[in-house]
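>
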Amino acid sequence: MSQRGKELASTFSPAEIEAPLYEKWISAGYFTADANSSKEPFSIVLPPPNVTGILHIGHALDQTLQDCLARIKRMKGYEVLWLPGMDHAGIATQNVVEKQLAAQGMSRHDLGREEFVSKVWQWKAESGGAILDQMRRLGDSVDWSRERFTMDDGMSNAVVTIFRKMYDAELIYRAERIINWCTRCLTALSDIEVEHQDDAGEFVQVRYGDGEQSIVVATTRAETMMGDGAVAVHPDDPRYKHMIGTEVLLPLVNRMIPIIADELVDPDFGTGAVKVTAAHDPNDFEMALRHNVPFVVIMNEHGIMEGSGTEFDGMDRFDARVAVVAKLKELGRIVAEKRPYIHAVGHCSRCDTTVEPRLSKQWFVKVAPLAKASADAVRSGAVKIEPEELAPRYFDWVDNMHDWCISRQLWWGHRIPVWYGPNGEMVVVGPGESAPVGYVQDLDVLDTWFSSGQWAFSTFGWPEKTNDLAKFYPTSVLVTGYDILFFWVVRMMMMSTFAMDGVPPFKTIMLHGLVRDQFGKKMSKSRGNVVDPLEFMDKYGADALRFTLARGANPGTDQALAEEWVGGSRNFATKLWNATRFAMMNGATVEGPIPDAASLNAIDKWILSRLTETIRDADSLFEKFEFAKASELIYHFAWDDLCDWYLELAKESFATGSAADSQRVLGHVLDQLMRLLHPLMPFITEELWVSLTGGESLVIAKWPEANLNYLDKTAENLVTQMQAVITEVRRFRNDQGVKATAKIPGRLTTSGELAKYASAMGFVLKLEAKEFTPTAAFEIGSVKCELDLSGTVDVVAERARLTKDLATIQKDQQTAQVKLGNEGFMAKAPAEVVTEIKERLVKTQAEIERITAALAVLPSA
RNA sequence: GGGUGCUUAGCUCAGUGGUAGAGCGUCUCGUUUACACCGAGAAUGUCGGGGGUUCGAAACCCUCAGCGCCCA
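Just so we're aligned, residue 23 is where the first sequence starts under our numbering, counting upward by one.
Written as structure tokens, this is what we have:
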């Protein structure tokens, strides 16, 4: 562990300090929350990663932002709880273990349910949760003593409890419906587990019936026509009005089906007549209910045609489509066909198989009352969405939600706590209860999101009335990507408001974007542009990765990420390291009181003023979740103000040995800067701060407060002038081909306050203060600069420099003149703007005179 | 099809009415005892096109074009 005054290595190596520092924080127990504390609580639940997951760049962003908030609040004196854990991830995890079995030529059915599930637990114990170790690498200040898993005993108990509670409240029911079915995973999927893609299908028009009594329907799914129970048209469609109520012959199966009228039919789509396949299409299902159309099932769970009584039985659904169309063509019933026909088709979000709408008996959550409560919580302002521009998307979703299918035909997950009796009885078995003898349990498990929807309260011990629940619920803020707003956030809102008597699970929902590649393209395996956060941490350190991500995190928007930018953040870390090392070599200290501002020189006053502004503005940006802007602000203070200017300007006093005040000021500035940066870059700041101050740890150090007494516009103006002078002289030297490192005789003369700092400026400019005969002289504002170039001035270069300056300033002058000559501007622009432009005009005129004069005395080339 | 967002320097992005900015990249010079993972200096934009509002527009309105996302 580092100690005060320890000499810092000349190069910063993240790998050497990160792991030991994390160990230090853990063993000190800094991240362990105390539910009995009198401090105000601040709590976050980590969006639980899948137990199968490894840390990807999206996690790194999500967790960096959460850690940053947690660390700030901890430093601000809150009792902070950041609760970690994992999700059992039903389908994903089952797939992983099934794949392993398949490698041995086995299926889960060879093992049987019980053995398979224990195999999954075994897998979890051995290979699951790799992501948790990777989170340590990132520096996450989570409370490991409270780590949870969505299938641990406590959460399992909570799941059963809430199922019972919702069932009793008639919010859970069982029904036969059209659900999204994956023919590969062999399970139902909820709407959000279906991804719509534009696929190249076909659009064919088929003539049903014959002669007078015929109608042409348009469809993309010809293979389902054997299951048709009707043809539907719009009630007001003049083309078909006369046919409503009559029957037509359904080809291939030669069955008579009615023509019905329903508002749902779009007369402008296709022929305006559609087939109604009640058992294989959700819209058709709705229509069928209204019109008593029979449900004809013609496909099995694998997507194989079955029960149609035609030659197509036994064929795969996609082969059948081809065969059916071919047969219809043979029969002369194809009127038109379009191929390819691009349209949206649902795919399983897990395995990409085309989803099949399927009639089946499933468990559902009646979402209307829950969704309304969730919407109201945001509308009333009880829950804030950040950035608020994303709130309409939330409303759009919760206001139009379909009932949620929660049963899954899987083995890995929370088994539905419903038991069936021998005579069709059904009983929900709550916690601690047991089913009557002879009853058998429902075979299905619950949707993963059913349990993770309880993450904000079950993790605190619900349904027990625990101290954690009392202290930390509702949580302060939920940080997550906008991409899982619907998957998870809405579910948490619904489940929590229901379980917690109307108290929503968080006060603020902070949404961030996705991390994309360096060209702003989505990362994907197929594109080959996926980056590995662990690799970046290995190469550049965790702080560099975190800082890069935070610096790109504008609220609610995606960010691009390139390896070079992480490298840039590593450079920043090295800069901090070297600046601190240099400061300490020059006696920077936090010992003793900070001298009264009044007694300080302008350079010290200036850096304190800038520090104050930086703390004030960064703090306010952090409070508004403006991570990118806060990071940018601190970065420029540290690099530009502190390193490029303050340290350079202070070198003279360090060199001359009269630097006691500056040593104390510099110590203070670094101390405060490290605190301010700690949430973003916890490792390096800790290392440097402990070394500088001898303090125990930044994790428990006090968050910096802006001392407004340090604000000093006079000092700021003075230093701004000094910067202008130095920059101009450097430019002159550069144009004259004088190396920046070369010491040359020279002097700066001026009057007033600025005169006191002529030697500091001269020191930065490497001007030798000795007797000499100037060969070059020029003015920057009120400052006269005389130099001995030990030779003649490069007249061509100097003329070019001055001519360019003149052109720039003349343009400025013209702009100002045009404005002031504009009657409308003079009459309507605010007084302060007019004053500002007038001042600008005066300045430009002075500059023009100065440059013109300088050009005039310049010898001709 | 409905909704929504974007278009600013080579790239990625800030910038919601008053002289166009950052990071990375580019060019020139430079190893000065904090730092070459660095320093100094420089170049680079009719702010997607067109129209309008305004004394004044990158910003506000309309329109067109291109790209993206969400939902169906």
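Each residue gets a CB set at the ideal place from its N, CA and C atoms; glycine is no exception.
Fair warning: this is a prediction, and the values are worked out from it, not measured in the lab.
Contact check, A575 vs L83 under 8 Å by CB: the rounded distance?
Locating residue 575 in the first sequence gives position 553, where the first residue counts as 1. Locating residue 83 in the first sequence gives position 61, where the first residue counts as 1. 7 Å between Cβ atoms; contact.
> Looking only at its own chain, which residues have a Cβ that is under 7 Å from the Cβ of G107, when we skip the five neighbours before and after it?
Within the first sequence, the letter at position 85 stands for residue 107. For G107, where only same-chain residues beyond five positions count, the Cβ hits under 7 Å are L68, P70, E169, R170, F171 and T481.
> What are the boundary residues of the beta strand (DSSP E) that D232 is part of?
Sequence index remark: in the first sequence, residue 232 carries index 210 (1-based). Per DSSP, D232 belongs to the beta strand (DSSP E) from V216 to D232.
> So, under 8 Å CB-CB, V467 and G112 are touching, yes? Tell me the CB distance rounded to an integer number of Å.
In the first sequence, counting from the first residue as 1, residue 467 sits at position 445. In the first sequence, counting from the first residue as 1, residue 112 sits at position 90. 7 Å between Cβ atoms; contact.
> Can you list, in chain order, the residues of its chain whose CB lies under 8 Å from that of L863, leaving out five sequence neighbours each side?
Translated into the one-based positions of the first sequence, residue 863 becomes position 841. For L863, where only same-chain residues beyond five positions count, the Cβ hits under 8 Å are Q835, A838, Q839 and L842.
> How many Å lie between L208 and H324 at the Cα?
Counting from one through the first sequence, the residue named residue 208 turns up at place 186. Counting from one through the first sequence, the residue named residue 324 turns up at place 302. Between L208 and H324, the C-alpha separation is close to 7 Å.
> When the Cβ atoms of the stretch 378-387 are set against those of the stretch 212-225, are three or more pairs found closer than 8 Å?
Verdict: no, contact absent.
> Residues in its own chain within less than 8 Å of H424 by CB, not counting five upstream and five downstream?
Counting from one through the first sequence, the residue named residue 424 turns up at place 402. These residues qualify, in order along the chain: D213 and V389.
> Closer than 6 Å by C-beta to V553: which residues in its own chain qualify, once you throw out the five before and the five after it? Chain order, please.
Here residue 553 is taken as the residue at index 531 of the first sequence, counted from 1. Excluding positions up to five away in sequence, the list reads I79.
> Can you tell me which of H264, V318, V255 and V315 puts its alpha carbon nearest to the alpha carbon of G292?
Stepping through the first sequence from its first residue, residue 292 is reached at position 270. Nearest C-alpha to G292: V255.
> Residues in its own chain within less than 6 Å of T866 by CB, not counting five upstream and five downstream?
As a position in the first sequence, residue 866 is number 844, starting the count at 1. Correct list, in chain order: I831, D834 and Q835.
> By Cβ distance, which residues of its chain are closer than 7 Å to P881, with the 5 residues on each side in sequence left out?
Counting from one through the first sequence, the residue named residue 881 turns up at place 859. Closer than 7 Å at the Cβ level, and outside the excluded window around P881, lie V817.
> In whole angstroms, give me the CA-to-CA distance for S65 and L91.
In the first sequence, the residue the question calls residue 65 occupies position 43. In the first sequence, the residue the question calls residue 91 occupies position 69. Those two C-alpha atoms are separated by around 10 Å.
> Quick one: Cα of A878 to Cα of E820, how far?
Here residue 878 is taken as the residue at index 856 of the first sequence, counted from 1. Here residue 820 is taken as the residue at index 798 of the first sequence, counted from 1. Between A878 and E820, the C-alpha separation is close to 12 Å.
> Return helix, strand or coil for W441, following the three-state DSSP convention.
Sequence index remark: in the first sequence, residue 441 carries index 419 (1-based). Note: W441 maps to strand in three-state DSSP.
> Rounded to a whole number of angstroms, what is the C-alpha to C-alpha distance between T797 and L630?
Translated into the one-based positions of the first sequence, residue 797 becomes position 775. Translated into the one-based positions of the first sequence, residue 630 becomes position 608. Roughly 39 Å separates the two Cα atoms.
> Kindly indicate which three-state DSSP category D693 falls into: helix, strand or coil?
Locating residue 693 in the first sequence gives position 671, where the first residue counts as 1. Helix.
> Measure the C-alpha to C-alpha separation of N608 and K673 and round it to an integer number of angstroms.
To locate residue 608, count along the first sequence from 1; it is residue 586. To locate residue 673, count along the first sequence from 1; it is residue 651. Spanning the two alpha carbons is a distance of roughly 9 Å.
> Could you check the C-alpha separation between I650 and R573 for me, to the nearest Å?
Position 628 of the first sequence, counting from 1, holds the residue named residue 650. Position 551 of the first sequence, counting from 1, holds the residue named residue 573. Reading off the sequence shown, one finds Ala at residue 650, where the question assumed Ile. About 4 Å.
> In chain order, what residues of the same chain have a beta carbon less than 7 Å from the beta carbon of N551, not counting five sequence neighbours either side?
Position 529 of the first sequence, counting from 1, holds the residue named residue 551. Here the set comprises D539, K543 and M545.
> Of all the alpha helix (DSSP H) runs that stay within the bounds of the stretch 145-171, which reach a length of 4 or more residues?
Complete alpha helix (DSSP H) runs here, min 4: 152-160.
> Whole angstroms are fine: how far does the CA of F494 sit from the CA of V512?
By 1-based counting over the first sequence, the position of residue 512 is 490. By 1-based counting over the first sequence, the position of residue 494 is 472. If I take the Cα positions, the gap works out to 20 Å.
> Span of the beta strand (DSSP E) holding G294?
Within the first sequence, numbered from 1, the residue matching residue 294 stands at position 272. Here G294 belongs to no beta strand (DSSP E), and DSSP marks it neither H nor E.
> Nearest CA to the CA of V318: which residue from H302, T332 and I326?
Along the first sequence, read from residue 1 onward, the residue named residue 318 stands at position 296. Closest option to V318, Cα to Cα, is H302.
> H81 lies in the beta strand (DSSP E); which residues open and close that run?
As a position in the first sequence, residue 81 is number 59, starting the count at 1. First-last for H81: I79 to M97, but that is the alpha helix (DSSP H), not the beta strand (DSSP E).
> Starting from K806 and walking both ways along the beta strand (DSSP E), at which residues does that stretch end?
Start at 1 with the first residue of the first sequence, and residue 806 comes out as number 784. Segment V805 to L809, the beta strand (DSSP E) holding K806.
> Can you give the Cα-Cα distance for Y668 and M848, rounded to whole angstroms?
Against the first sequence, residue 668 aligns to sequence position 646. Against the first sequence, residue 848 aligns to sequence position 826. Each residue's alpha carbon lies about 42 Å from the other.
> Along the beta strand (DSSP E) that carries N202, what are the first and last residues, could you check?
Counted from its first residue, the first sequence places residue 202 at position 180. Note, N202: beta strand (DSSP E), I194 to C204.
> Within 10 angstroms of its Cβ, does S167 collect 16 or more other Cβ (buried), or is it exposed?
As a working mapping, residue 167 is identified with position 145 in the first sequence. Label assigned to S167: exposed.
> Taking T183 as the reference, which of D421, C370 and F472 has the closest Cα?
Translated into positions along the first sequence, residue 183 becomes position 161. Comparing Cα positions, the closest option is F472.
> State the DSSP-derived secondary structure class of L208, mapped to helix, strand or coil.
Working through the first sequence from its first residue, we reach residue 208 at position 186. L208 falls in the coil class under three-state DSSP.
> Between the C-alpha atoms of A868 and I748, what's the straight-line distance to the nearest angstrom?
Within the first sequence, numbered from 1, the residue matching residue 868 stands at position 846. Within the first sequence, numbered from 1, the residue matching residue 748 stands at position 726. About 20 Å.
> Check L271 in the structure and name its three-state DSSP category.
Along the first sequence, one-based indexing puts residue 271 at 249. Of the three classes helix, strand and coil, the one that applies to L271 here is strand, per DSSP.
> Rounded C-beta distance between Y195 and F479? I'm assuming under 8 Å.
If you number the first sequence from 1, residue 195 lands on position 173. If you number the first sequence from 1, residue 479 lands on position 457. Not a contact, Cβ separation roughly 23 Å.
> How many Å lie between R549 and L77 at the Cα?
On the first sequence, position 527 is the one that residue 549 refers to. On the first sequence, position 55 is the one that residue 77 refers to. Distance between the alpha carbons of R549 and L77: 19 Å.
> Where does F53 land, buried or exposed, given buried means 16+ other C-beta within 10 angstroms?
If you number the first sequence from 1, residue 53 lands on position 31. Per the 10 Å Cβ criterion, buried.
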